[in-house]
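According to the working numbering, the residues represented by the sequence shown are 1 to 979, in order.
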Amino acid sequence: MPIKHRSALPTDMLRVFETLPHPYLILSKELFILTASHAYLQLTGKVRAELFEKYLFDVFPKIPDWSAEEGGIAFSLAQAIETGKPHTLPITRFDIPDPDNEGKLLERYWDTTHTPVLDMEGDICYIIHHTQDVTEQVLAERNLKASLEKEKETAAKATRLSLQMEKLFEEMPAQIAVVTGPDLIYEFINPQYEKELFPGRRVLGKPLLMALPEVAGLPVWESLQQVYKTGETFAGNEICIPLAKEIGGKAEDHYFNFICQALRDEKGNITGVLSFKYDITELVLARKRLEQSSNELLALNEGLAQANEEIQVTSEEIQSANEELSATNEELYQAQQSLLKLNDELEERVEQRTLELQNAQAEIAGQNERLKRFFMQAPAGICIIDGSDFVFELVNPAYQQLFPGRELTGKPLLEALPELKDHAVYDILKNVYKTGDTFEGRELLVPLARTPNGAIEDRHFTFIYQARYDTANKIDGILVFVTEVTEEVRTRQKETENEQRFRFLLNAIPQQVWTARPNGKLDYVNEVICNDFGQNADTITDRGWQQFIHPDDMQSCLKKWLTALKTGREYLVEFRLKFHDGQYHWHLARAVPLIENGEITLWLGTNTNIDLQKTNEQKKDEFLSIASHELKTPLTSIKAFNQLMLRISDPQKLTGFVQKSAAHVLRLEKLINDLLDVSRINAGKMEYNMESFNFREMLIDTIDAVQHTTSSHRIILENSEDVAYIGDRFRLEQVVNNLLSNAIKYSPQADKVMVNCIVNEEDNSLIVSVRDWGIGIEEKNLTRLFERYYRVDNTAMRFEGLGLGLFISAEILKRHNGSFWIESKPDEGSTFFFRLLLAPSKKTEPIKNEDHYYKDSSITLSYNKAYERIDADWTGFQNLDTVQQGCSHMMDMLVKNKVHKIFNNNIHVLGNWSEAADWGAQEWFPAMEKAGLRYFAWVNSPSVFSQLSARKSADSSLKKLKIQFFTEAADAIAWINEQ
Ligand code: ADP
1 MPIKHRSALP
11 TDMLRVFETL
21 PHPYLILSKE
31 LFILTASHAY
41 LQLTGKVRAE
51 LFEKYLFDVF
61 PKIPDWSAEE
71 GGIAFSLAQA
81 IETGKPHTLP
91 ITRFDIPDPD
101 NEGKLLERYW
111 DTTHTPVLDM
121 EGDICYIIHH
131 TQDVTEQVLA
141 ERNLKASLEK
151 EKETAAKATR
161 LSLQMEKLFE
171 EMPAQIAVVT
181 GPDLIYEFIN
191 PQYEKELFPG
201 RRVLGKPLLM
211 ALPEVAGLPV
221 WESLQQVYKT
231 GETFAGNEIC
241 IPLAKEIGGK
251 AEDHYFNFIC
261 QALRDEKGNI
271 TGVLSFKYDI
281 TELVLARKRL
291 EQSSNELLAL
301 NEGLAQANEE
311 IQVTSEEIQS
321 ANEELSATNE
331 ELYQAQQSLL
341 KLNDELEERV
351 EQRTLELQNA
361 QAEIAGQNER
371 LKRFFMQAPA
381 GICIIDGSDF
391 VFELVNPAYQ
401 QLFPGRELTG
411 KPLLEALPEL
421 KDHAVYDILK
431 NVYKTGDTFE
441 GRELLVPLAR
451 TPNGAIEDRH
461 FTFIYQARYD
471 TANKIDGILV
481 FVTEVTEEVR
491 TRQKETENEQ
501 RFRFLLNAIP
511 QQVWTARPNG
521 KLDYVNEVIC
531 NDFGQNADTI
541 TDRGWQQFIH
551 PDDMQSCLKK
561 WLTALKTGRE
571 YLVEFRLKFH
581 DGQYHWHLAR
591 AVPLIENGEI
601 TLWLGTNTNI
611 DLQKTNEQKK
621 DEFLSIASHE
631 LKTPLTSIKA
641 FNQLMLRISD
651 PQKLTGFVQK
661 SAAHVLRLEK
671 LINDLLDVSR
681 INAGKMEYNM
691 ESFNFREMLI
701 DTIDAVQHTT
711 SSHRIILENS
721 EDVAYIGDRF
731 RLEQVVNNLL
741 SNAIKYSPQA
751 DKVMVNCIVN
761 EEDNSLIVSV
771 RDWGIGIEEK
781 NLTRLFERYY
791 RVDNTAMRFE
801 GLGLGLFISA
811 EILKRHNGSF
821 WIESKPDEGS
831 TFFFRLLLAP
841 SKKTEPIKNE
851 DHYYKDSSIT
861 LSYNKAYERI
871 DADWTGFQNL
881 DTVQQGCSHM
891 MDMLVKNKVH
901 KIFNNNIHVL
911 GNWSEAADWG
921 AQEWFPAMEK
931 AGLRYFAWVN
941 SPSVFSQLSA
951 RKSADSSLKK
961 LKIQFFTEAA
971 DAIAWINEQ
């Protein structure tokens with residue numbers, strides 16, 4: 001029989017149930033309420049009569065939790081009935097009416113169990129429904145969970161920051177070390193510390209004095225000990241510490257900016273010292289080298305001072321972080337309190353967690369504070385840029401110092417520093433943000449303004465961009481570490497520039513220039529040396545001078561060089577150097593030491609080519625001996641005739657001796673006059689008496705006079721026009737006389753000399769030529785004939801003379817604005833020409849003058865568009881004026897038409913003056929090279945003298961311009977068109 005009524009239960013039992021201090025409901029197997037505990041009635045706000053013997057779901061019909069679904073009361077009851085075992089529901093929320101606020105509900109959580117009570121046969125007699133309000137426990141747990149989450153998040157944040165900082169310190173180009181204990185034992189060093197300072201030493205675990213014995217006695221050692229003793233932070237700038245890479249190695253001066261600060265334990269006791277060094281050796285040395293002021297260091301110091309101020313701010317920040325953590329702690333404490341009441345186990349957990357949290361918090365706070373202090377005090381710029389907009393989240397004072405007065409913190413990068421918009425660093429930043437690849441920039445040029453409205457300057461930075469990650473390991477910002485190296489880069493650039501300028505200067509000197517180390521080893525030679533020896537600079541500096549010095553000069557040269565090296569006094573020696581063509585050339589070598597700080601740092605030397613000087617000296621010596629000989633010969637003869645005359649009384653014989661003596665006096669007079677003329681010319685005191693005279697008459701008189709002195713040769717005046725000429729008749733006679741005497745003297749086997757004088761109608765000039773059939777002159781000697789004392793070697797021995805006649809003649813002709821040239825072949829004879837203008841020299845008038853075409857009486861220029869060249873065709877006799885005028889038009893056309901090639905035809909040139917050649921080599925060709933001329937094809941004139949002139953003008957050491965000579969115009973054209 002099923003139990004439906006309370007009468008089915010013994011009264012004692014009923015009472016026991018009813019008085020139980022917990023909410024109970026006793027149900028029959030059919031779910032009729034048999035009784036309820038007072039506590040249950042109180043909880044549900046019902047009276048016993050409302051429940052007794054009522055079907056359970058009639059009393060609580062509408063509440064979903066009473067459903068038969070899994071998790072509902074009906075379900076639990078069915079389970080208990082079916083299995084005969086107690087069934088507990090998961091904790092369920094079931095809000096109850098608020099007795100104080102009608103219509104409102106109170107949030108409640110319930111722990112419900114249904115326990116079947118079985119009879120002896122194992123059948124269910126009734127079911128105990130027990131429910132317990134676990135709201136407080138649930139809420140406490142929920143709070144605990146929330147607070148744990150918060151704590152976890154804070155810890156993760158701190159760990160992240162700490163990791164980032166640690167990474168930063170690892171990569172920071174500053175040297176960080178931690179030493180502990182009174183012996184200051186190395187406990188930590190960052191990689192920079194080891195790499196930069198002691199790559200060869202093991203310092204970790206060693207007391208500082210054992211690891212770096214060289215610091216003993218230095219002020220920095222005192223300071224470190226002082227920091228350990230007093231706890232006062234020590235900051236020093238530009239501290240010089242001589243350090244050796246290995247113990248016992250050579251100590252080198254290192255300069256540092258230094259911060260040493262005490263490390264303390266939780267109780268505030270000093271445990272060690274943290275040193276933060278920033279190696280500024282390069283900066284200091286660079287500055288010392290240039291003797292620049294210490295402004296930057298002052299600025300750096302100011303930055304550090306500012307950093308100190310900001311530590312204050314940081315401490316406050318940390319303080320508030322601590323407060324926040326305390327608040328969390330407080331919450332935890334609250335939770336712990338309530339949980340204590342409910343659950344001992346929970347209490348234990350909370351207690352333990354709280355303790356852990358406190359420890360972690362203390363440690364994080366300490367670590368954070370330390371790291372932050374480093375961060376703020378670091379003498380290099382560090383900042384954290386947040387998010388994809390690159391907002392300056394944290395900027396340390398050193399970073400701010402790079403932009404004094406510019407607002408950075410809180411601003412997006414492009415707003416704070418808009419000038420970075422189009423610069424590569426912005427793309428680099430974006431890339432680091434995208435890929436997470438760390439970027440290291442070295443001495444990158446970034447144009448940036450320093451101050452808010454300051455000008456944009458070219459600044460150089462060495463920096464690291466490193467991605468920052470959030471908890472989900474996603475990039476959420478960038479850590480920037482930067483040092484400005486503008487000064488170093490500029491100093492280096494200046495040094496390189498100076499060096500280049502110096503080298504350029506040395507190369508520009510048209511003389512051999514070299515430098516040697518203090519020990520005498522050659523270490524630099526200029527281009528002149530390379531060209532002279534035909535070897536490259538490295539080979540020459542490697543092998544030294546010895547290979548080029550003449551063996552006979554070697555010993556004295558070595559001796560002098562060694563003495564100079566030993567005494568530091570000037571080195572001066574003359575020796576012969578062998579050029580690439582195998583010829584020796586006399587040089588005067590001179591070297592002086594460069595002394596810096598009392599020590600020789602370099603020998604700077606020059607070798608001057610004195611070959612010409614030496615030859616001239618030789619010539620001069622020869623000249624003196626010839627002159628004395630030449631003067632002595634007629635004198636001896638005169639003396640001999642005088643003695644004879646003294647002894648002889650026969651008047652006829654006497655006249656003969658007087659005549660012979662007079663001839664020697666004449667010769668002597670001529671010699672003395674020549675010498676006098678030369679000294680007049682040298683002193684610029686040769687006087688000219690210009691007046692009109694009949695040129696033919698002058699020629700005839702001179703020929704007559706010379707003819708009288710010779711019986712071996714007949715002087716024939718082939719042509720002569722009857723023209724008046726304005727000039728110094730006496731001096732021109734001297735020229736003709738000299739040419740005629742030479743023609744006779746240098747043609748001992750011949751019997752005639754031919755003279756011609758024609759008038760060139762085209763340019764109204766007189767051309768005189770004197771031709772002989774004598775020994776002739778070799779081509780190589782032609783241009784030097786007009787030099788003072790110059791005599792062709794093989795003639796000097798055979799013919800008397802002083803080598804002055806042609807020099808004087810040339811001077812006279814120059815003063816008459818004339819030109820002079822020679823055509824000669826050895827053993828066939830020579831023709832000497834001179835040309836004089838009948839009317840005073842006028843500028844040649846152009847016949848046509850256009851951009852593409854120019855013509856006057858001496859040159860025709862045309863621009864050949866198809867082959868992009870200028871064609872120049874010279875005609876007739878050229879002098880300095882005509883050459884200069886033609887050349888200036890050539891340059892004009894070159895520039896106007898922007899061409900680089902010239903075809904220069906001299907086929908129609910009859911003769912020219914060597915002065916134009918000097919002008920060409922020294923002025924015109926260098927100017928043409930600058931104007932863009934690169935190729936110059938030169939067709940020879942049939943006149944050998946003109947050819948020599950041409951060669952002389954091309955004899956300039958131009959690097960970009962190529963000049964090539966041809967005898968055939970067709971070859972020249974073919975060559976120039978190929979270029
Ligand atoms: P000198 O005749 O007194 O030596 P010049 O100045 O007149 O001096 O001549 C210089 C040199 O030129 C001569 O030494 C000679 O070598 C050479 N020379 C001059 N005229 C002729 C000539 N007609 N034939 C060959 N050689 C000549």
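For every residue, glycine included, the Cβ atom is placed at its ideal position computed from N, Cα and C.
N- and C-terminal bounds of the alpha helix (DSSP H) containing residue i
i: F548; result: Neither: F548 is in no alpha helix (DSSP H) and is coded neither H nor E.
i: T983; result: Outside the shown range of the chain, which is 1 to 979, sits residue 983, and nothing can be said about it.
i: Q261; result: No alpha helix (DSSP H) contains Q261, which is instead part of the beta strand (DSSP E) from 252 to 264.
i: A398; result: 397 to 401
Whole-Å CB distance - residue i paired with residue j, under 8 Å assumed
i: L402; j: G436; result: 25 Å between Cβ atoms; not a contact.
i: I509; j: N526; result: 7 Å
i: M955; j: L802; result: What sits at residue 955 in the sequence shown is Asp, not Met. Not quite, the Cβ-Cβ distance comes to about 29 Å (not below 8 Å), so this is no contact.
i: M890; j: L861; result: 6 Å
i: V770; j: T710; result: Not really, about 14 Å apart at Cβ, beyond 8 Å.
i: I259; j: A244; result: With 8 Å as the limit, I259 and A244 do not qualify as a contact, their Cβ atoms being about 24 Å apart.
i: L413; j: F390; result: 4 Å
i: S888; j: V909; result: Rounded, the Cβ-Cβ distance is 18 Å, inconsistent with contact.
i: P404; j: R450; result: 6 Å
i: S858; j: G886; result: 6 Å
i: F786; j: L804; result: That pair is no contact at about 11 Å.
i: R835; j: L766; result: 7 Å
Reference residue i; option with closest CA among the options
i: G829; options: D772, L184, M120, K578; result: D772
i: K814; options: I189, K421, A916; result: A916
i: Y426; options: G405, S388, A455; result: S388
i: Q734; options: P748, A683, L671; result: L671
i: S556; options: T541, R543, L572, G544; result: L572
i: V203; options: T112, W221, L184, K745; result: L184
i: A424; options: F439, G410, P412; result: F439
i: A866; options: P379, S809, I976; result: I976
i: V178; options: E415, Q226, L263, Q878; result: L263
i: I529; options: T515, N519, K521; result: T515
i: V91; options: E246, E141, S628; result: According to the sequence displayed, residue 91 carries Ile and not Val. Checked all of E246, E141, S628; the closest Cα to I91 is E141.
i: L880; options: R590, K195, G272, N817; result: N817
i: G205; options: L218, R490, E187, D458; result: E187
i: L209; options: V220, G200, P199; result: V220
i: R934; options: P926, D918, K962; result: K962
i: R569; options: Q352, Q535, L604; result: L604
i: Q547; options: L577, A78, E868; result: L577
Where the beta strand (DSSP E) through residue i begins and ends
i: H585; result: 584 to 596
i: L785; result: L785 -> no beta strand (DSSP E), and no H or E assigned at all.
i: Y863; result: 859 to 864
i: W938; result: 935 to 939
i: V220; result: Here V220 belongs to no beta strand (DSSP E); instead the alpha helix (DSSP H) covers 219 to 230.
i: P242; result: 234 to 243
Uninterrupted beta strand (DSSP E) stretches inside the region 703 to 743 (no shorter than 3 residues): Runs of the beta strand (DSSP E) inside the region 703 to 743: 714 to 720, 724 to 727.
Would you list, in sequence order, the uninterrupted beta strand (DSSP E) runs of no fewer than 3 residues that lie entirely inside the region 56 to 129? With a minimum length of 3 residues, the continuous beta strand (DSSP E) runs that stay inside the region 56 to 129 are 109 to 118.
Taking only runs that begin and end inside the region 492 to 535, name each unbroken beta strand (DSSP E) of 3 or more residues, in chain order. Runs of the beta strand (DSSP E) lying entirely within the region 492 to 535 and spanning at least 3 residues, in chain order: 512 to 516, 522 to 525.
If you scan the region 175 to 201 from start to end, which runs of the beta strand (DSSP E) of 3 or more residues do you find wholly inside it? Scanning the region 175 to 201 from its first residue to its last, the whole beta strand (DSSP E) runs of 3-plus residues come out as 175 to 180, 185 to 189.
Complete beta strand (DSSP E) runs within the region 945 to 974 (minimum length 3 residues, chain order): For the region 945 to 974, whole beta strand (DSSP E) runs of length 3 or above, ordered along the chain, are 962 to 966.
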